[in-house]
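Trainee: One structure coming up, written as structure tokens, with questions to follow.
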Amino acid sequence: MPFLNDAGEVVELHLGAHGEEISESNPENRFRVEWLDEVERLLDEVVATPTRPLVITATGKFFSNGLDTDHIVAAPDQLPAYLDRVHAVYAKVLTLPVPTVSAVNGHAFGAGAMLALCADHVLMRTQRGFWSLPEAALTMPFTRGMATLLRTRLTDRTATEAMYTSRRYGADDAVGAGIVDEAVDADRLTARAAEIAGARAATVGPNLALIKRGLRAPLLDDLARPTPPGVF
């Protein structure tokens with residue numbers, strides 16, 4: 035299950051399991067219901083005591099492979115509520131009262147790729163891993179909130195290519211497309227994320243959350259809109 039790690043000047047939110055390079059129960063860090071429960075709980079801890087910047091990362095092959103497709107197939111009637119929970123996690127990350135940096139350690143696909151974009155600053159490791167939105171290839175649409183998130187965080191040209199073609203971007207290509215801010219070698223990824231986040235530590239506090247909410251107001255409104263039945 036995800037966990038918080040004290041890393042000196044910053045706190046790290048790990049999307050995998052404590053003590054495991056790859057989580058045995060959820061090796062791709064998919065958005066399982068219990069995974070969402072724990073991520074929300076940990077983010078609430080950050081909100082309750084906002085003292086240090088937050089780095090969001092993982093270990094192993096995946097940052098996150100996104101939605102739990104097994105759950106979607108098994109419980110299609112629960113899909114709208116499930117997607118609303120995903121939107122709520124995005125909104126919470128977008129409005130945290132601390133600076134945030136995503137340190138993308140491996141593949142970030144679909145909803146996991148969008149989670150990375152919810153941070154203030156995004157790093158991606160070189161040599162291994164892709165950032166991709168496979169929805170078009172899987173004949174899945176984007177929810178209104180997801181589309182607005184991508185339109186807000188990416189240029190129109192990049193959003194169009196990524197959403198229409200399901201292209202897989204390596205780190206250097208992702209920098210060139212403006213998806214991530216920096217490509218960083220794996221052995222420096224979390225240290226560089228901590229350096230960037232730590233440099234913004236003076237802004238920690240409720241005022242930062244107010245600024246984020248003001249900047250992201252239209253996006254937050256769309257993320258808060260209930261997902262209609264039959265979205266897929």
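The sequence shown maps to residues 35 to 266 in the numbering used here. Don't be surprised by glycine CBs; every beta carbon is placed ideally from N, CA and C. Just so you know, these numbers come straight off a predicted model, no measurement behind them.
Within the same chain, show all residues whose beta-carbon is closer than 7 Å to that of Gly239, passing over the 5 residues directly before and after it, in chain order.
Mentor: Pro84, Pro131
Trainee: Using the Cα positions of Val80 and Ala235, report the straight-line distance between them to the nearest angstrom.
Mentor: 14 Å
Trainee: Since Leu157 sits in a beta bridge, which residues does DSSP pair it with?
Mentor: Ala137, Glu216
Trainee: With a CB to CB cut of under 7 Å and the five nearest residues on each side skipped, what residues in its chain are close to Arg201?
Mentor: Ser166, Glu195
Trainee: Could you tell me the boundaries of the beta strand (DSSP E) in which Asn39 lies?
Mentor: 37 to 41
Trainee: If you check the beta carbons only, do Asn63 and Asn39 fall under 8 Å apart?
Mentor: no
Trainee: Inspect the beta-carbon positions of Val89 and Ala233 and report whether they are closer than 8 Å.
Mentor: no
Trainee: Give the straight-line distance between the Cα atoms of Arg259 and Leu183, rounded to the nearest whole angstrom.
Mentor: Rounded to whole angstroms, Arg259 to Leu183 spans 13 Å at the Cα level.
Trainee: So Glu74 and Val123 are supposed to be a Cβ contact under 8 Å. How far apart are they, rounded?
Mentor: Contact between Glu74 and Val123 holds: CB atoms are separated by about 6 Å, below the 8 Å threshold.
Trainee: Note down, in chain order, each residue of its chain lying with its Cβ closer than 8 Å to the Cβ of Pro262, except the 5 sequence neighbours on either side.
Mentor: Pro114
Trainee: In terms of DSSP beta bridges, what is Arg202 paired with?
Mentor: Per DSSP, Ser166.
Trainee: So, helix, strand or coil for Ala51, using DSSP?
Mentor: coil
Trainee: Name the one or two DSSP bridge partners that Glu46 has.
Mentor: Asn39, Val89
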